[in-house]
Amino acid sequence: MSDVNSIVDLPKVELHLHHEGAAPPGLIRQLAFEKKIDIHKVFAEDGEYAFQDFGHFLQIYEAATSVLKTPEDYARLTKAFLEECAANGSVYTETFISPDFCGGGDVGAWQEYLLAIREAADFSEKRHGIILRGVVTCVRHFGPDQAKRAALCAAETTGDWVVGFGMGGNEAVGHQGDFSWSFDCAREAGLQLTTHAGEFGGAESVREAISDLNVSRIGHGVRAIEDMSLVQELAEREITLEVCPGSNVVLGLYPSLDKHPIERLRSEGVKVTISTDDPPFFRTTLRREYEILHAAFGWDADMFREINKTAAQAAFCDEDTRARVLKRLETPCETT
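The working numbering applies: residue 26 is where the sequence shown begins, and numbers increase by one.
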């Protein structure tokens, strides 16, 4: 069996990371100070983010995001979290970015934010070697009409950097099919598709995502385990799950990691990958996720290498970038 150091030091691919959700608390406090915005209720006594449940988490998330008001703010954020990602061995990351937070859904404003984010990503790739690509997301609890604006922003900026479209937010609001126009718009623009499902929405939300939105990846998707015919369909259709184990435990889907279904899903042939979701909110890192998965299921370095190859193959990037990433996975990681 591999020792834990050989596992946590592996080069890694992450497919499920929310841009604002990766914001270090210190950066958010600094921005709040600079702008004279009072967000003290966002933090616990130890200075970390504090929330009670998923609904409260969404409120805290949006409160923290409220201090990010300019393209420059997003450039600072991008550099900050990419430095942390690189330190955890990530060589390729896809980030979920919402035009709702970056310009309010206006295409012109969105393009200004996107330019700042891309310039920061280019800087970080040169400094740390980490590759970042963007998945534009609509926010489910903002409703289908607002989602259309996000999809149009995505369609206007699709290319070598904006590579996908997806949906986050509260699964209790509406149905996946309510957002079919936005996903059709993104698909016609050449973007690949993912959506959050199978977290708080249960197995049925995964079925809806497949049948109504025809996505190739599912954000979370873990509650598909409650319907074994659905598990079989996921395996047969080779739909990849963006699994965030630590997030699922912190938000109460499962009482402990050893009760998490990621190993059962994997053993049934479902393609699973490992991500952090909103790492500082859930007090985790990619290295930490690998450590706790190793402890819970005894996965060795070869297992994690295979999972990272699965993630690289499921990434929404172009084939030249994919080849670069796969090559990086064969090279010992030098964290910064």
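Note that CB positions come from ideal geometry on N, CA and C, so glycine has one too.
For residue i, the three-state DSSP class (helix, strand or coil)
i: T360; result: Note that T360 has pLDDT 45, beneath the 50 cutoff, so the model's placement of it is unreliable and no number is given.
i: E355; result: coil
i: R308; result: coil
i: V256; result: helix
i: A100; result: helix
i: A48; result: coil
i: S115; result: strand
i: T371; result: Because the chain spans 26 through 361 in this model, residue 371 falls outside it and cannot be assessed.
Closest residue to residue i among the options (Cα-Cα distance)
i: D63; options: R165, E39 and S91; result: S91
i: G154; options: E108, A214 and V274; result: E108
i: W135; options: T183, A89 and G51; result: T183
i: I287; options: F306, P304, T95 and L266; result: L266
i: E97; options: Q217, V231, G128 and L83; result: G128
i: Y138; options: A214, A100, F167 and E150; result: A100
i: L93; options: E213, T309, R347 and I142; result: I142
i: N113; options: M328, Q171 and I299; result: I299
i: F208; options: V198, A88 and A179; result: A179
i: T356; options: Q338, A339, D345 and K334; result: K334
Close Cβ partners of residue i (< 8 Å) along its chain, the five nearest in sequence each way excluded
i: V116; result: P36, K37, V38, G154, I155, I156, V350, R353, L354 and C358
Close beta carbons around residue i, own chain, < 7 Å, minus the five adjacent residues each side
i: V256; result: A249, I250, L290, E293 and V295
i: V33; result: R312, Y315 and E316
i: A339; result: L40, R242, T265, K296 and T298
Distance, residue j Cα to residue i Cα
i: T361; j: R312; result: Any reading at T361 is ruled out, since the residue's pLDDT is 42, under 50, leaving its predicted position unreliable.
i: G51; j: L42; result: 19 Å
i: P304; j: F68; result: 15 Å
i: T220; j: E73; result: 28 Å
i: C210; j: D28; result: 47 Å
i: I85; j: F76; result: 7 Å
i: Q201; j: A111; result: 34 Å
i: L102; j: I235; result: 33 Å
i: N273; j: D131; result: 33 Å
i: D237; j: S205; result: 7 Å
Sequence-distant residues of the same chain with beta carbon closer than 6 Å to residue i, five excluded per side
i: A228; result: R248, A249, E251, D252 and L255
i: G194; result: V164, R165 and H166
i: V160; result: E119, F121, G189 and G191
Residue i - containing beta strand (DSSP E), residue span
i: V231; result: Counting along the chain, V231 falls outside any beta strand (DSSP E), though it belongs to the alpha helix (DSSP H) covering G227 to E233.
i: R15; result: This structure cannot speak to residue 15, because the chain is shown only from 26 to 361.
i: I24; result: As displayed, the chain neither begins before 26 nor continues past 361, which places residue 24 out of reach and without an answer.
i: K66; result: It is not in any beta strand (DSSP E) - K66 carries neither H nor E in the DSSP assignment.
i: L266; result: T265 to V268
i: Q217; result: Q217 to A222
Where the alpha helix (DSSP H) through residue i begins and ends
i: L139; result: V132 to H153
i: Y74; result: No alpha helix (DSSP H) contains Y74, which DSSP labels as neither H nor E.
i: R248; result: Premise fails: R248 is in no alpha helix (DSSP H) and is neither H nor E.
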